[in-house]
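Participant: Here it is: the structure, laid out below.
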Amino acid sequence: MRKVLIILMETLWLGVFLLVPLYFVYFPELFGLKLNFLQTEQVFEINKIVLFRLLVEILIFFWLIQKLLLIPKTKKTLPWVFKVSLVCLVIGLLGTLIWSRIGWVNWWGNYNRHQGVFSYLHYLFFCWIIFDQLGTGERLQRILRIISLAGFLTAFYAILQYFSLDPVSVYLKTDVFLGRPFSSLGHPNYLGYFLILTLPFSVFITVQAKRNFTKALGIFNILVQLVALGFTFSRGAWLGILAAGWFYSLIYGLAHKKKAIHFCWVVPLIVIALLIAVNVWPSSKGRLTLAGENSRSLQSRLLVWQASWHAFQKNPLGGTGLDTFYLIFPRYQNQKLLTLEQPNEIADRTHNGVLETLVNTGLIGLITYLIFLVSLYLVCLKTVFQNKSNAKLILLGLSVLFGLGVANQFGFSTTVHQVYFWGIVAILLWLISDRKQIQYKGGLLQIGRTLIGLLLISAVLLAIKLNLNAGRANHYFYLAQNELGTKKLALLQRTIQLDPWTPNYQYNLLNFQLNNTLSLNPETIKTVGRLTNFQDYEYWLIKGEWEMRNDQPEEAEKSFQEAAVLGPYQIRVFETWGRALYESGDYKKATRPFEAILDFMPNFWQYDDTIAKQSPLIQDAYRRFFKDNPNFRRIFWYLGESYAKLGRTQKAEEYEKHWNTETLEQ
0 MRKVLIILME TLWLGVFLLV PLYFVYFPEL FGLKLNFLQT EQVFEINKIV LFRLLVEILI
60 FFWLIQKLLL IPKTKKTLPW VFKVSLVCLV IGLLGTLIWS RIGWVNWWGN YNRHQGVFSY
120 LHYLFFCWII FDQLGTGERL QRILRIISLA GFLTAFYAIL QYFSLDPVSV YLKTDVFLGR
180 PFSSLGHPNY LGYFLILTLP FSVFITVQAK RNFTKALGIF NILVQLVALG FTFSRGAWLG
240 ILAAGWFYSL IYGLAHKKKA IHFCWVVPLI VIALLIAVNV WPSSKGRLTL AGENSRSLQS
300 RLLVWQASWH AFQKNPLGGT GLDTFYLIFP RYQNQKLLTL EQPNEIADRT HNGVLETLVN
360 TGLIGLITYL IFLVSLYLVC LKTVFQNKSN AKLILLGLSV LFGLGVANQF GFSTTVHQVY
420 FWGIVAILLW LISDRKQIQY KGGLLQIGRT LIGLLLISAV LLAIKLNLNA GRANHYFYLA
480 QNELGTKKLA LLQRTIQLDP WTPNYQYNLL NFQLNNTLSL NPETIKTVGR LTNFQDYEYW
540 LIKGEWEMRN DQPEEAEKSF QEAAVLGPYQ IRVFETWGRA LYESGDYKKA TRPFEAILDF
600 MPNFWQYDDT IAKQSPLIQD AYRRFFKDNP NFRRIFWYLG ESYAKLGRTQ KAEEYEKHWN
660 TETLEQ
């Protein structure tokens with residue numbers, strides 16, 4: 000039975016390493032299969048996280064069965080320093096359940112990323128079970144080969160996309176990536192960061208191969224991944240892979256006093272060569288310059304970091320909770336960002352690993368995480384410098400994590416990167432651990448272990464239900480987008496029955512009920528507000544609209560003002576506020592929110608002869624404004640109509656020229 004359970008567990012963790020990077024909503028169609036029951040509203044992340052959590056939940060189930068039914072003869076031991084750091088990390092993670100300002104989102108994650116405590120517990124269990132059950136070098140080699148295979152398949156698919164040979168990209172908005180492939184990861188940067196995690200292991204396997212045929216296949220694999228990495232034009236990924244190589248060469252050179260250390264001085268030359276090569280590449284000219292689009296991107300990133308720092312300062316000790324930045328960001332958004340990004344675009348990540356940890360988990364989370372990483376590196380580097388067995392593989396694992404960490408200072412990890420991060424940590428723990436004979440103890444201790452095991456099995460079964468419901472909810476949400484009337488209402492209600500913790504689903508149902516003048520209980524609105532601890536302006540907008548329609552203008556005014564505090568530069572906040580006042584017949588007050596939009600927005604809507612004197616980037620922003628924001632015309636329509644009804648004809652005509660289609664086309 001022990002052998003059967005080990006085979007099942009190994010199959011599951013290998014499935015995680017291979018399938019999670021590859022799977023997305025159109026994956027079956029690559030093989031000619033149209034499986035409508037697997038269709039979801041989200042193309043990538045929901046599919047990956049649900050698949051990962053499901054496989055890990057089954058893995059935990061078999062692991063618990065093994066622990067309950069079979070008596071272990073040996074156990075793996077780790078240095079006490081690392082044990083303490085691991086306990087601190089778990090305490091820091093679970094502590095967010097207590098001190099997080101936005102508890103439900105902290106637990107469940109936000110709609111776009113799903114990286115709450117629930118998912119992080121799966122990452123930790125995945126890591127620990129691999130460490131506990133890896134057992135032999137053959138199993139380790141199989142993991143490394145699967146990692147290499149996953150890298151090859153995603154890279155090969157990316158190359159197909161680059162040459163327009165991908166059969167399913169027709170469903171996706173690929174033009175926003177300017178020809179950069181994203182493979183099955185969903186974004187060129189995600190693909191680049193993933194290849195940081197796979198390419199070095201592919202090199203390791205190729206170097207270790209003994210047969211020429213195997214070496215040839217390995218070299219081909221490496222070339223495919225390198226080409227795909229180049230095609231991503233991900234600056235963070237390129238920097239990350241170079242950082243990984245730099246770290247490996249530095250430590251290897253110091254440990255063995257070899258000339259490999261000289262590679263550390265070669266890396267800056269490679270960076271300079273890349274700067275020159277990329278900026279003369281026709282399809283991506285200027286990708287690494289600090290002018291034009293790159294200047295805009297850099298300025299935008301700095302402003303997001305500034306907002307992140309302000310958010311941290313408000314909650315320095317425990318943070319706001321995992322995956323909550325999208326709720327906090329609008330309050331601290333810098334007005335200058337409106338000239339650089341699309342209006343109403345909300346950053347849901349800080350694009351900096353240190354700031355991300357500070358905002359989400361505060362100083363407590365950052366310190367516990369750093370203690371964990373530092374202890375991992377110290378223990379592993381001690382093994383490397385002692386030149387023990389597997390020292391090269393340990394150093395390679397550390398280098399890969401270092402490269403990802405560098406890249407994440409300019410981006411962030413998604414489900415796939417977290418899976419591989421914790422998988423590599425598990426491998427490192429196994430490599431540095433020692434085996435110790437243990438003596439079985441029965442009696443009350445065994446009874447206690449059995450009770451805890453049964454309790455955990457019950458929790459796993461509940462987790463499986465919650466996880467599957469999350470995927471099914473997104474399926475019904477997808478179906479609801481294509482329906483109207485009572486059928487759409489029923490599908491949205493079914494979505495919420497399956498997943499009542501995702502605010503995005505709740506808001507869609509409430510807005511549908513408001514727009515279709517259906518009955519709505521104010522207590523229901525308040526219940527939804529509790530999901531985000533009333534920190535989301537969407538809640539206050541819905542509450543304000545309901546109060547306005549139910550003849551509570553004073554209460555509605557307070558709700559809209561609260562929304563404006565949480566989203567001071569969000570067009571949607573002031574447009575909803577103004578529209579509610581307009582529909583109530585208070586035309587004088589209705590003009591104020593709409594004119595507030597014109598006050599804080601850059602004047603890209605005022606196209607005139609002076610624009611020719613502006614920079615090319617600003618000129619382009621003026622030209623594209625109404626094309627990118629066609630609904631912005633509604634603001635001028637409401638202003639024109641409001642002033643017309645107030646009898647101020649001249650003012651009405653002033654705004655009319657901005658929403659008149661013929662005027663805009665001239």
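Numbering (numbering that gives the first Met the number 0), first residue to last: 0 to 665.
Where is the CB? At the ideal position from N, CA and C, for every residue including glycine.
(1) Contact check, S147 vs I204 under 8 Å by CB: the rounded distance?
(2) Between which residues of its own chain and L467 is the CB-CB distance below 8 Å, once the five residues before and five after are set aside?
(3) Where do the N-terminal and C-terminal ends of the alpha helix (DSSP H) with N503 fall, by residue?
(4) Once the 5 residues before and after Y192 are set aside, which same chain residues still bring their CB inside 6 Å of it?
(5) Does the structure place the region 100-116 close enough to the region 370-377 that three or more beta carbon pairs sit under 8 Å?
(6) Suppose the cutoff is 7 Å on Cβ atoms and the five residues either side in sequence are ignored; what does the same chain contact list for V383 look like?
(7) My assumption, with CB atoms under 8 Å, is that A154 sits in contact with L194. Please give the rounded CB distance.
(8) Mind checking whether L13 and I129 have CB atoms under 8 Å apart?
(9) What does the alpha-carbon distance come out to for the pair R1 and W107?
(10) Let me check one thing: in DSSP terms, what residues is R434 bridge-paired to?
(11) Spatial neighbours of F635 within its chain, please: CB distance less than 6 Å, with the 5 preceding and 5 following residues excluded, ordered by chain position.
(12) Going along the chain, which residues of its own chain have a beta-carbon closer than 6 Å to the beta-carbon of A553, five neighbours each way excluded?
(13) With a CB to CB cut of under 6 Å and the five nearest residues on each side skipped, what residues in its chain are close to Q408?
(14) Need the endpoints of the alpha helix (DSSP H) that V19 sits in, please.
(15) Identify which residue in R210, G150, L513 has its Cα closest to the Cα of S183.
(16) Closer than 6 Å by C-beta to H121: which residues in its own chain qualify, once you throw out the five before and the five after it? Chain order, please.
(17) Would you call the CB atoms of F573 and F593 closer than 8 Å?
(18) Which class does L690 belong to by DSSP, given the choice of helix, strand or coil?
(19) Whole angstroms are fine: how far does the CA of W245 sit from the CA of S99?
(20) Roughly how many whole angstroms lie between the Cα atoms of E44 and W545?
(21) Check each candidate in L565, Q445, Q160 and name the one with the smallest Cα separation from F324.
(22) Between the region 524-540 and the region 498-507, do three or more beta carbon pairs fall short of 8 Å?
(23) According to DSSP, simplified to helix, strand and coil, what is N468?
(24) I need the straight-line Cα distance from V24 to Q38, nearest angstrom please.
(25) Do you know whose CA, among G102, V303, F124, N105, lies nearest I59's CA?
(26) Hey, is H121 close to the ligand ADP, as in C-beta under 7 Å from one of its heavy atoms?
(27) Spatial neighbours of L336 within its chain, please: CB distance less than 7 Å, with the 5 preceding and 5 following residues excluded, ordered by chain position.
(28) On the three-state DSSP scale, how would you describe P629?
(29) Consult DSSP for A149 and reduce its assignment to one of helix, strand or coil.
(30) In angstroms with no decimal places, state the Cα-to-Cα distance between L455 and V89.
(31) Give the DSSP-derived three-state secondary structure of Q492 in the structure shown.
(32) Assign V80 to one of three DSSP states: helix, strand, or coil.
(33) Helix, strand or coil, according to DSSP, for S283 in the structure here?
(34) Relative to the C-alpha of S398, which residue among A306, A242, T414 is closest?
(35) Rounded C-beta distance between P180 and A215? I'm assuming under 8 Å.
Facilitator: Well, looking at it:
(1) S147 to I204, Cβ: 5 Å. Contact.
(2) For L467, where only same-chain residues beyond five positions count, the Cβ hits under 8 Å are V49, L53.
(3) 502-514 is the span of the alpha helix (DSSP H), which, as asked, contains N503.
(4) Cβ neighbours of Y192 beyond the five flanking positions: A236, A406, H416.
(5) The region 370-377 vs the region 100-116: no contact.
(6) Hits under 7 Å: I250, A254, A390, I393, L394.
(7) Contact between A154 and L194 is confirmed by a C-beta separation of about 6 Å, below the 8 Å threshold.
(8) Cβ distance not < 8 Å, so L13 and I129 don't count as in contact.
(9) Rounded to the nearest angstrom, the two C-alpha atoms are 34 Å apart.
(10) For R434, the beta-bridge partners assigned by DSSP are K75.
(11) Only Y654, H657, W658 meet the Cβ criterion.
(12) The sequence shown places Glu at residue 553, rather than the Ala named in the question. Cβ within range, chain order: n/a, list empty.
(13) Setting aside the 5 residues that flank it on each side, Q408 is surrounded in the same chain by N351, G352, each with a C-beta closer than 6 Å to its C-beta; the list follows chain order.
(14) Start and end: 1-21.
(15) The shortest C-alpha separation from S183 is found at G150.
(16) Only R52, V55 meet the Cβ criterion.
(17) For F573 and F593, yes; Cβs fall inside 8 Å.
(18) This structure cannot speak to residue 690, because the chain is shown only from 0 to 665.
(19) For S99 and W245, the distance between alpha carbons rounds to 38 Å.
(20) Put simply, the backbone Cα of E44 is about 33 Å away from that of W545.
(21) It is L565 whose Cα lies nearest to the Cα of F324.
(22) Yes: the two stretches touch, three or more of their Cβ pairs being nearer than 8 Å.
(23) Here N468 sits in helix by DSSP.
(24) Each residue's alpha carbon lies about 6 Å from the other.
(25) Out of G102, V303, F124, N105, F124 has the C-alpha closest to the C-alpha of I59.
(26) Because no ligand of any kind appears in the structure shown, any question about the ligand ADP cannot be addressed here.
(27) Result list for L336: S299, L302, in chain order.
(28) P629: helix per DSSP, three-state reduction.
(29) Secondary structure of A149 (DSSP, three-state): helix.
(30) Cα to Cα, L455 sits roughly 17 Å from V89.
(31) Note: Q492 maps to helix in three-state DSSP.
(32) Residue state, collapsed to three classes: helix.
(33) Unreliable positioning characterises S283 in this predicted model, as indicated by a pLDDT of 49, which lies under 50. A coordinate reading is not provided.
(34) Of A306, A242, T414, the smallest CA-CA separation from S398 is found for A242.
(35) Not really, about 25 Å apart at Cβ, beyond 8 Å.
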